[in-house]
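Asks: Numbering (this note's numbering) for the sequence shown: 183 to 210.
I am attaching a structure below and will ask some questions about it afterwards.
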Amino acid sequence: MCDIMYETFVKQMMIFSVSEINYLATNA
183 MCDIMYETFV KQMMIFSVSE INYLATNA
């Protein structure tokens, strides 16, 4: 259960990082 929660957390962080990079690149 903890492993699943950690994996979900990592996936959310990766998605957030990608979306943030795209946002910065668009407004550069």
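Virtual Cβ for every residue (Gly too), placed ideally from N, Cα, C.
1) Just how far apart, CA to CA, sit A207 and V200?
2) Have a look at D185 and M196 and give me their C-alpha separation to the nearest angstrom.
3) Any idea what DSSP makes of A207, helix, strand or coil?
4) Rounding to the nearest angstrom, what Cα-Cα distance links K193 and M187 in this structure?
Replies: With the given structure in hand:
1) 10 Å
2) Going from the Cα of D185 to the Cα of M196 covers about 16 Å.
3) helix
4) Distance between the alpha carbons of K193 and M187 is about 10 Å.
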